[in-house]
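Quick mapping for you: the protein sequence lines, in order, are chains U and S.
Anchor point for the first sequence: position 178 equals 177 in numbering that gives the first Met the number 0, and the numbering is continuous, going up by one each time.
Anchor point for the second sequence: position 120 equals 119 in numbering that gives the first Met the number 0, and the numbering is continuous, going up by one each time.
No residue lacks a Cβ here, since even glycine has one placed at the ideal position from N, Cα and C.
One structure below.
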Amino acid sequence: MDMVLETDQLGKRYGRNWALRDCSLHLPAGRIAALVGPNGAGKSTLLHMAVGLLRPDAGAVRVFDESPYNNTKVLAEIGFVAQDTPLYRDFTATELVTMGGKLNRRWDAALARTRLADLGIPPNKPVGKLSGGQRAQVALALALAKRPRLLLLDEPVASLDPLARREFLQSLMGSVADDGTTVLLSSHLLADLERVCDYLIVLHAARVQLVGTVDDLVAGHRQLVGPRNGGGPIGGVAAVVRASHTDRQSTLLVRTDGPVDDSSWTVREVTLEDLILAYLAEGDTEASHAEWGVSA
Amino acid sequence: MLDGRSKVNTYMQLVQQVKQSLRVGLLAPGDQLPKVRDVAQSLAINPNTVLKAYRELEIEGLAEGRPGVGTFVKRTLAGASLPNQAELREDLVAWLRRAQAAGLTPEDVTALVETTMRATLPTESAQTQSA
Numbered sequence: 000m001d002m003v004l005e006t007d008q009l010g011k012r013y014g015r016n017w018a019l020r021d022c023s024l025h026l027p028a029g030r031i032a033a034l035v036g037p038n039g040a041g042k043s044t045l046l047h048m049a050v051g052l053l054r055p056d057a058g059a060v061r062v063f064d065e066s067p068y069n070n071t072k073v074l075a076e077i078g079f080v081a082q083d084t085p086l087y088r089d090f091t092a093t094e095l096v097t098m099g100g101k102l103n104r105r106w107d108a109a110l111a112r113t114r115l116a117d118l119g120i121p122p123n124k125p126v127g128k129l130s131g132g133q134r135a136q137v138a139l140a141l142a143l144a145k146r147p148r149l150l151l152l153d154e155p156v157a158s159l160d161p162l163a164r165r166e167f168l169q170s171l172m173g174s175v176a177d178d179g180t181t182v183l184l185s186s187h188l189l190a191d192l193e194r195v196c197d198y199l200i201v202l203h204a205a206r207v208q209l210v211g212t213v214d215d216l217v218a219g220h221r222q223l224v225g226p227r228n229g230g231g232p233i234g235g236v237a238a239v240v241r242a243s244h245t246d247r248q249s250t251l252l253v254r255t256d257g258p259v260d261d262s263s264w265t266v267r268e269v270t271l272e273d274l275i276l277a278y279l280a281e282g283d284t285e286a287s288h289a290e291w292g293v294s295a
Numbered sequence: 000m001l002d003g004r005s006k007v008n009t010y011m012q013l014v015q016q017v018k019q020s021l022r023v024g025l026l027a028p029g030d031q032l033p034k035v036r037d038v039a040q041s042l043a044i045n046p047n048t049v050l051k052a053y054r055e056l057e058i059e060g061l062a063e064g065r066p067g068v069g070t071f072v073k074r075t076l077a078g079a080s081l082p083n084q085a086e087l088r089e090d091l092v093a094w095l096r097r098a099q100a101a102g103l104t105p106e107d108v109t110a111l112v113e114t115t116m117r118a119t120l121p122t123e124s125a126q127t128q129s130a
């Protein structure tokens with residue numbers, strides 16, 4: 000399978016702190032991948048290294064089989080919308096489309112104009128005076144005008160109201176369906192991700208916690224509810240990701256390696272949201288115990 | 000319409016909706032299903048999910064893909080009973096108006112229909128549940 004993005008033990012350090020460490024993952028072509036993790040987990044750092052804005056301090060990142068740092072050939076294939084959709088606020092959308100044409104090797108100005116017209120974006124108003132949703136749409140239209148093969152979006156909908164968020168995701172899904180663009184988008188909005196993404200990367204405390212296709216990950220995990228369990232092995236369970244207990248009952252989110260047919264447990268399928276929350280919570284306690292120098 | 004809160008995943012919801020449309024005759028053999036791009040855009044969902052739903056319908060023999068054109072309905076789920084449905088529907092509409100006039104909420108109606116179905120048509124309602 001064609002890999003669009005590959006990292007191998009990738010790391011980035013700011014002073015003494017690793018913002019990202021031992022990050023090894025693959026993103027196959029044609030996927031819409033969610034990059035999930037709390038603030039400070041290394042999401043933006045990973046995206047900035049993928050687009051070639053930051054140089055790795057350890058390991059390697061490859062995009063379309065090339066190192067992206069200082070590489071204008073690869074850059075031409077990547078569309079990037081940074082957090083809070085930074086645009087020159089005094090420029091109008093028309094001017095930004097013209098400017099994009101001067102700065103990029105490949106530029107589909109007609110596509111950008113059609114998209115912006117379809118969305119009812121005023122062409123001659125400074126983009127600083129547009130609504131947050133409109134500005135996000137302008138940024139997306141500009142990124143798509145490059146006709147990128149990889150689109151990187153850093154929390155594209157975080158600051159948008161629900162309607163604008165919906166409209167943004169509609170435009171994104173429509174254009175992905177047209178061009179088969181591979182997408183990597185970071186977001187905290189799990190309900191959106193469940194509809195939009197088919198690949199998942201969970202980062203926590205600068206490390207990769209979980210990576211794979213949503214179908215495989217969901218199929219490979221189960222929630223078990225049963226009488227309080229002393230931690231003995233359960234058939235079909237490879238690892239307990241997260242456990243919570245009341246006096247009488249245990250609820251476990253587990254990774255499975257076979258069917259769980261132990262009759263003392265009620266077995267339920269998990270949603271993407273269950274999975275993400277379980278892995279983030281697990282990383283949380285581990286990191287905190289490490290910081291305090293005690294074992295979990 | 001997709002139910003975001005539903006635990007049934009998006010692709011199964013799409014499959015079920017097409018099946019329901021086939022069952023009540025809203026879709027018939029030869030009809031084209033909406034284009035993948037249009038479904039993905041209007042529902043803001045992953046186009047791969049729509050493709051997966053259409054592939055599932057193909058595997059079940061209900062639809063067929065014509066390369067470069069789209070996906071078309073191949074077989075219907077509406078039985079021989081379809082012609083009778085119009086009249087039954089009219090009866091049902093009249094009954095629903097009466098229920099409304101009697102002060103039943105939509106939840107009351109659903110509960111009444113479901114319990115009555117279970118009591119009156121035990122096996123058939125079980126089939127509907129599993130379909």
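is_contact[residue i, chain U] using C-beta, thresh 8 angstroms
i       : result
N47(S)  : yes
A39(S)  : yes
T70(S)  : no
S129(S) : For S129(S), the predicted structure reports a pLDDT of 44, less than 50, and the residue's modelled location is therefore unreliable. A value from the coordinates is still provided. Not an interface residue.
V35(S)  : yes
T115(S) : no
T119(S) : no
T9(S)   : yes
S124(S) : Reliability of the predicted coordinates at S124(S) is poor, the pLDDT of 43 falling under 50, and no value is obtained from them.
Within 8 angstroms, strictly: CB atoms of residue i and residue j
i       : j       : result
F167(U) : P125(U) : no
L252(U) : V269(U) : yes
R134(U) : T181(U) : no
L26(U)  : A33(U)  : no
R254(U) : V266(U) : no
G100(U) : V73(U)  : no
D7(U)   : S23(U)  : yes
V213(U) : L271(U) : yes
L21(S)  : T70(S)  : no
V60(U)  : I77(U)  : no
C-beta neighbour in chain S for residue i, strict 8 angstroms
i       : result
L168(U) : yes
A135(U) : no
A176(U) : yes
I120(U) : no
R15(U)  : no
R165(U) : yes
I275(U) : no
I200(U) : no
D1(U)   : no
I31(U)  : yes
Partners in chain A for residue i, counting only beta-carbon separations shorter than 8 angstroms
i      : result
I44(S) : Among the protein chains of the structure shown, namely U and S, there is no chain A.
Cβ shell of residue i (< 7 angstroms), same chain only, five flanking positions each side left out
i       : result
A81(U)  : D153
K73(S)  : P28, G60, L61, A62, E63
R104(U) : A75
L86(U)  : L95, V126, R134, V137, A138
R88(U)  : P125, V126, G127
Neighbourhood of residue i by C-beta, 6 angstroms cutoff - its chain only, sequence neighbours within 5 removed
i       : result
D56(U)  : G10, K11, R12
A140(U) : A111, R114, L115
T84(U)  : R134, A135, A138
V210(U) : L24, I200
N45(S)  : none
Per DSSP, the bridge partner or partners of residue i
i       : result
I233(U) : DSSP, once it has assigned bridges, lists no residue as partnering I233(U).
P226(U) : Q248(U)
M2(U)   : P27(U)
A59(U)  : D7(U)
T91(U)  : P125(U)
Y13(U)  : N16(U)
E65(U)  : V62(U)
L120(S) : Per DSSP, none; premise fails for L120(S).
H220(U) : R254(U)
F79(U)  : L151(U)
Sequence-distant residues of its chain with Cβ nearer than 8 angstroms to residue i (five each side left out)
i       : result
L259(U) : A small fix is needed here, since residue 259(U) is Val in this sequence, not Leu. Contacts found: R221, L223, I233, G234, G235, V236, V253, V266.
L279(U) : V35, G36, P37, V201, H203, Q208
T245(U) : R227
K51(S)  : Y10
D191(U) : V156, R164, L168
Exercise for review: Pick out the complete alpha helix (DSSP H) segments inside the segment 101-133 of chain U, 4 residues or longer, and give them in chain order.
Suggested key: 108-117
Exercise for review: Ignoring anything shorter than 4 residues or poking outside the segment 246-289 of chain U, list the alpha helix (DSSP H) runs there in chain order.
Suggested key: none
Practice item. Pick out the complete alpha helix (DSSP H) segments inside the segment 8-81 of chain S, 4 residues or longer, and give them in chain order. Key: 9-22, 35-42, 46-58
Review point. Which ranges does the alpha helix (DSSP H) cover as unbroken runs of at least 4 residues, wholly within the segment 17-50 of chain U, from first to last along the chain?
Key: 42-50
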